[in-house]
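Okay, so here's the structure we're looking at.
Number of protein chains: 2
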Amino acid sequence: MQFELDRSVAVLERTPSTLRTMLSGLPREWIDATEGPETWSPYDIVGHLIHGERADWIPRARIILAQGANRRFTPFDRLAQFRESQGKSLEQLLDEFARLRAESLTTLAGFELDDARLALEGEHPAFGAVSLRQLLSTWVAHDLGHVAQIARVMAKQYRDAVGPWREYLPVMDR
Amino acid sequence: MQFELDRSVAVLERTPSTLRTMLSGLPREWIDATEGPETWSPYDIVGHLIHGERADWIPRARIILAQGANRRFTPFDRLAQFRESQGKSLEQLLDEFARLRAESLTTLAGFELDDARLALEGEHPAFGAVSLRQLLSTWVAHDLGHVAQIARVMAKQYRDAVGPWREYLPVMDR
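These protein sequences, in sequence, are chains A and B.
According to the working numbering, numbering within the first sequence proceeds without interruption in unit steps and concludes at 180.
According to the working numbering, numbering within the second sequence proceeds without interruption in unit steps and concludes at 180.
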């Protein structure tokens with residue numbers, strides 16, 4: 007599938023309500039569940055998505071669109087949520103993510119992107135030249151990857167409880 | 007995590023609204039996207055979950071709870087949705103799933119399950135003896151596995167569009 011802006015925004019605008027529907031009011035055991043040491047819980051993932059709104063997608067889009075002399079992105083801190091989420095409830099994080107995502111999408115709409123602007127490039131610290139189109143595609147896929155991760159982390163909590171059905175549940179061993 | 011009824015119902019009751027939030031009103035390309043031949047789209051998966059409400063979870067729980075002479079489950083038709091969803095819109099399927107799931111959970115509550123009843127067994131056509139507790143755990147994990155699948159199928163549509171970021175997106179190659 008080719009990247010298309012409307013199609014992408016349709017996913018991006020749904021993610022906060024998807025997470026709220028999946029997680030709000032759930033027993034705490036699900037929210038804090040992980041896949042083992044050094045892996046993330048649903049709570050951690052919501053914090054990670056919040057940090058992305060602040061430090062990744064729109065800031066990087068701005069660097070690309072500015073087309074200044076230095077188009078190199080600031081490296082993204084994949085562990086920022088362990089500091090920034092401290093003391094916050096899941097409900098606070100869900101609210102914060104919804105607010106920031108709405109702001110991001112308002113900003114994105116204001117960019118009035120066309121094919122020429124989507125083809126502009128920035129410099130990724132590891133990959134080198136990347137286009138705005140690739141950045142926005144990654145934003146969409148990143149959301150969906152983390153929704154899949156949350157469901158997978160939760161499913162795995164019942165890996166033993168399902169008994170022999172584990173054989174029919176590939177999610178348990180991904 | 008041990009199986010616990012309240013904790014399980016908390017997930018089961020959210021799945022219809024999770025799917026609605028993720029999928030309702032999305033451009034058709036996302037709804038019909040697959041991972042390739044013989045794999046399922048989000049549309050197909052909703053139909054599969056509907057068939058599960060009709061033919062799998064509660065009917066099997068009834069067989070177990072009846073403790074009759076023949077406790078062998080009817081094999082589940084994993085492809086029923088390709089027949090049963092024909093001519094239905096995604097919105098119709100989402101409504102149907104929500105209605106059937108609500109009925110299933112009302113029935114489940116009416117079983118007044120305790121540890122003794124949860125330990126009762128039926129006969130799975132492939133696995134042999136399985137407990138009601140294992141069946142209900144599988145219901146929860148099955149929901150979550152398909153939510154993860156829907157998000158993964160959608161993410162993969164942008165596998166090429168993300169360019170070099172694919173390396174950072176494990177969901178693309180699961």
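From the three backbone atoms N, C-alpha and C, an ideal C-beta is built for every residue, glycine too.
Just so we're clear, the structure is a prediction, and the values are computed from it rather than from any experiment.
Note on geometry: alpha-carbon atoms of residue 125 (chain B) and residue 139 (chain B) lie some 6 Å from one another. Residues 119 of the same chain have their beta carbon placed closer than 7 Å to that of residue 11 (chain A), with the five preceding and five following residues left out of the count. At the C-beta level, residue 150 (chain A) and residue 108 (chain B) stay beyond 9 Å of one another. The beta carbon of residue 36 (chain A) sits closer than 9 Å to some beta carbon of chain B.
Contact between residue 37 (chain B) and residue 96 (chain B) holds: their C-beta atoms lie close to 6 Å from each other, under 8 Å. A straight-line Cα-Cα distance of about 20 Å links residue 18 (chain B) and residue 87 (chain B).
Contact check for residue 154 (chain B) against residue 154 (chain A) passes: the beta carbons are separated by less than 9 Å. According to the DSSP secondary-structure assignment, residue 130 (chain B) is paired through a beta bridge with B:134. Judged by beta-carbon spacing, residue 14 (chain B) lies within the 9 Å limit of residue 142 (chain B), meaning their Cβ atoms are closer than that value.
Residue 31 (chain A) counts as exposed, since fewer than 16 other beta carbons sit within 10 angstroms of its beta carbon. Taken in chain order, the complete alpha helix (DSSP H) segments of 4 or more residues contained in the stretch 45 to 101 of chain B are 48 to 61, 63 to 72, 87 to 90.
In chain order, 177, 180 place their CB closer than 7 Å to the CB of residue 158 (chain B), counting only its own chain and leaving out the 5 sequence neighbours on each side.
Where residue 23 (chain A) is concerned, the enclosing alpha helix (DSSP H) starts and stops at 21 to 29. Across the structure, residue 94 (chain A) and residue 49 (chain A) are spaced so that their CA atoms are roughly 10 Å apart.
Taking a Cβ-Cβ cut-off of 8 Å, residue 49 (chain A) has no neighbours in chain B, whose nearest Cβ is about 15 Å from it.
Approximately 7 Å separates the beta-carbon atoms of residue 60 (chain B) and residue 106 (chain B); this is inside 8 Å, confirming the contact.
Among the residues of chain B, those whose CB is under 8 Å from the CB of residue 9 (chain A) are 164, 167, following chain order.
Cβ-Cβ distances below 8 Å link residue 99 (chain B) to 49, 52, 53, 56, 91 in the same chain, with the five nearest sequence neighbours on each side left out; the list follows chain order. Within the stretch 67 to 80 of chain B, contact with chain A at the beta-carbon level (separation under 8 Å) is assigned to no residue. For residue 58 (chain A), none of the residues of chain B pass the 9 Å Cβ criterion, the least Cβ distance being about 12 Å.
Distance from residue 128 (chain A) to residue 77 (chain A) at the Cβ level is roughly 4 Å; contact confirmed, criterion being Cβ atoms closer than 8 Å.
In the structure shown, residue 176 (chain A) adopts helical secondary structure according to DSSP, grouped into three states.
By the CB criterion at 9 Å, residue 9 (chain B) and residue 174 (chain A) fall outside the cutoff.
Chain-order list of chain A residues neighbouring residue 27 (chain B): 20, 23, 24, 27, by C-beta distance under 7 Å.
In the structure shown, the three-state DSSP call for residue 170 (chain B) is helix. Residue 7 (chain B) sits in coil when the DSSP states are folded into three classes, being neither helix nor strand. Residue 52 (chain B) has a beta carbon lying at 9 Å or more from every beta carbon in chain A. Counted as a single uninterrupted DSSP element, the stretch harbouring residue 39 (chain B) is not any alpha helix (DSSP H), since DSSP gives it neither H nor E. The CB of residue 105 (chain B) never comes closer than 7 Å to any CB in chain A; the least such distance is about 17 Å. The CB of residue 140 (chain B) comes closer than 9 Å to the CB of 167, 168, 169, 170, 171 in chain A, given here in chain order. Any Cβ of chain B closer than 9 Å to the Cβ of residue 42 (chain A) would place that residue at the interface, and such an atom is absent. Interface annotation, residue 133 (chain A): in contact with chain B, CB-CB separation under 9 Å. Using a CB distance cut-off of 9 Å, residue 123 (chain A) does not count as an interface residue toward chain B.
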